[in-house]
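Report on one structure; see the data block that follows.
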Amino acid sequence: MTLLEVEDLSIGYHTRKGFRRAVEGVSFSLGAGRSLGFVGESGCGKTTLGMGLMRLLPPNALITKGRVTFEGTDLLDLLEEEMRGVRWKKISMIFQAAMNALNPVHRVADQIAEAIMAHSHSLQKIEATQKVEALFQLVGIPKNRMRDYPHQYSGGMKQRAIIAMALACRPKLIIADEPTTALDVIVQDQILEETRNLQKEFGVAIIFISHDIAIVADVCHDIGIMYAGQLVEYGPRTEVFDHPVHPYTQALLASYPALTGPKSRLKPIPGEMPNLINPPEGCRFCDRCPRATAACRREAPVWAAVGPEHHALCAKCR
Ligand SMILES: Nc1ncnc2c1ncn2[C@@H]1O[C@H](COP(=O)(O)OP(=O)(O)O)[C@@H](O)[C@H]1O
Ligand SMILES: [Mg+2]
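Residue numbers (the numbering used here): 1147 to 1464.
Here's what the structure looks like:
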């Protein structure tokens, strides 16, 4: 069953230099209980997309077109007041660098209890604290750490607490923006493993946002590759990793150490992302693409099926 359907979503920012088209024509759908990973280099629009889905964009941002249908309702049509009923209760978000946002002068458990109470007004402090205790158990924080302050927690424990907060209202979808980027690899692995278990247990759908393809490779059913504000490839993990069709996906995979199997030389992608204030008319990747032709520079590529559930944005892929 489709939980979230995003159609032709475009988001930009008003800046002093002009309108920056940070997300352009993004379409995808996500089934209930599935996990989806969005990958792409820094600045490609991942956070803007995540914040746009939650309608938590900064004031200079504008959603210029598209639909975000969640359980049959277009979230972009809701009043802000109605949207507040969706956030945290139905869709929650783990913000990029969220664990650094814990208030140092309050106990971690109290901060989470406060957040829970802010979203379910009928709940008393004692009930909220019991809820936090149960959530902490779920994410692997020992009960005797309930009275600790943030500085007494390791990075991994802080991140677990943030995950507990995201789970608090039993949402159907969690958007996790670079949830493990600040952690060392071992803790990263533990958190990802935990997330996978929680996801199975609760059947919650997850959108993982990461600049690191290895992270999403581990946890996601579906993969979306983003480049310069556009989704350039989307499909089941095995399709995208085993049969990448977009030259950017191919280059990205070649730039990482083999996820499994023998080590090979890394191939960095030469060049840089185009300016998003005046993006090129044709394909946005063509300046860095080894297969680009004159037509690629002239004509914008169209989003097309390359397999039953596999899509890509490249004139050469069809
Ligand atoms: N508040 C903002 N005002 C103007 N431009 C922004 C703002 N936030 C992000 N951008 C720009 O939007 C583009 C996408 O940024 P972002 O969504 O943060 O990418 P990512 O999360 O993939 O690193 C970048 O060019 C970035 O500079
Ligand atoms: Mg980001």
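Don't be surprised by glycine CBs; every beta carbon is placed ideally from N, CA and C. Bear in mind the structure is a predicted one, so any value in this text is a computation, not a measurement.
1. Compute the Euclidean distance between the alpha carbons of H1330 and A1440, then round it to the nearest angstrom.
2. So if DSSP puts G1158 in a beta bridge, which residue, or which two residues, is it bridged to?
3. Can you tell which of C1190, A1374 and L1150 has the C-alpha that lies nearest to the C-alpha of G1179?
4. Quick one: is H1389 buried, meaning 16 or more other Cβ sit within 10 Å of its Cβ, or exposed?
5. On the DSSP bridge list, what partners appear for H1457?
6. Assuming the contact rule is C-beta atoms closer than 8 Å, T1194 and S1175 should be a hit. Round their C-beta distance to whole Å, please.
7. Is the separation between the beta-carbon of I1240 and that of I1308 shorter than 8 Å?
8. Tell me where the alpha helix (DSSP H) around D1256 begins and ends.
9. Going by Cα to Cα distance, which pick from V1386, L1422, K1413 and C1442 is closest to A1451?
10. In the structure shown, what three-state DSSP assignment does L1225 receive?
11. Leaving aside the five residues before and after T1384 along the sequence, list all residues of the same chain whose C-beta is less than 8 Å from its C-beta, in chain order.
12. Whose C-beta lies closer than 7 Å to the C-beta of D1294 among residues of the same chain, with five residues either side of it excluded?
13. Does the count of Cβ pairs from the segment 1346-1355 and the segment 1179-1189 closer than 8 Å reach three?
14. Below 7 Å, is the gap between the Cβ of G1189 and the nearest heavy atom of ligand 1?
15. Thinking just about the alpha-carbon of each residue, which of P1288, R1233, L1284 and I1287 is nearest to the one in A1261?
16. Does the Cβ of P1204 lie closer than 7 Å to at least one heavy atom of ligand 1?
17. Using CA atoms only, rank isn't needed, just tell me which of G1381, E1153 and E1187 is closest to P1420.
18. Please report the straight-line C-alpha distance between D1220 and E1227, rounded to a whole angstrom.
19. Within 10 Å of its beta-carbon, does D1223 have 16 or more other beta-carbons around it, so buried, or fewer, so exposed?
20. Who are the Cβ neighbours of E1445 in its own chain at under 6 Å, not counting the five residues just before and after it?
21. How is E1273 classed by DSSP in three states: helix, strand or coil?
22. Count the other CB atoms within 10 Å of the CB of Q1376; is the residue buried (16 or more) or exposed (fewer)?
23. Hey, could you find the ends of the alpha helix (DSSP H) D1364 is sitting in?
24. Got a sec, what are the start and stop residues for the beta strand (DSSP E) L1182 sits in?
25. How would you write the range of the alpha helix (DSSP H) that Y1394 sits in, first residue to last?
26. Who are the near neighbours of D1364 in its chain, counting only those whose CB is closer than 7 Å to its CB and skipping five residues on each side?
27. Got a sec: does ligand 1 put a non-hydrogen atom nearer than 7 Å to the Cβ of A1168?
28. On the three-state DSSP scale, how would you describe F1216?
29. Starting from L1319, trace the alpha helix (DSSP H) both ways and give me its first and last residue.
30. Beta carbon of I1369, beta carbon of T1326: below 8 Å?
Put simply:
1. Sequence check: residue 1330 is Asp here, not His. Straight-line Cα distance between these residues: approximately 44 Å.
2. According to DSSP, G1158 bridges with R1167 and L1208.
3. When only C-alpha atoms are compared, the closest one is L1150.
4. Exposed is the call here.
5. Y1380 and A1451, per the DSSP bridge assignment.
6. 19 Å between Cβ atoms; not a contact.
7. The answer is yes: Cβ separation under 8 Å.
8. Per DSSP, the continuous alpha helix (DSSP H) segment holding D1256 begins and ends at V1254 to H1265.
9. Of the listed residues, the one whose Cα sits closest to A1451 is V1386.
10. The DSSP-derived three-state label of L1225 is coil.
11. None.
12. Around D1294, the same chain offers R1253 and V1254 as residues with beta carbons nearer than 7 Å, after the five sequence neighbours per side are excluded.
13. The segment 1346-1355 is in contact with the segment 1179-1189.
14. The answer is yes for G1189.
15. Of the candidates P1288, R1233, L1284 and I1287, R1233 places its Cα closest to the Cα of A1261.
16. Indeed, a heavy atom of ligand 1 lies less than 7 Å from the Cβ.
17. Selection G1381, E1153 and E1187 evaluated against P1420 yields E1187 as nearest (Cα-Cα).
18. Each residue's alpha carbon lies about 14 Å from the other.
19. Flag for D1223 reads exposed.
20. Around E1445: G1428.
21. Note: E1273 maps to helix in three-state DSSP.
22. Flag for Q1376 reads buried.
23. Segment I1359 to V1365, the alpha helix (DSSP H) holding D1364.
24. Secondary structure note for L1182: its beta strand (DSSP E) is the uninterrupted segment S1181 to V1185.
25. In the DSSP assignment, Y1394 falls within the alpha helix (DSSP H) that extends over P1393 to A1400.
26. If we look at D1364 and ignore the five residues flanking it on each side, its Cβ neighbours are L1338.
27. Yes - ligand 1 has a heavy atom lying nearer than 7 Å to the Cβ of A1168.
28. F1216 falls in the strand class under three-state DSSP.
29. Careful: L1319 lies outside any alpha helix (DSSP H), inside the beta strand (DSSP E) at L1319 to D1323.
30. Not closer than 8 Å, so no.
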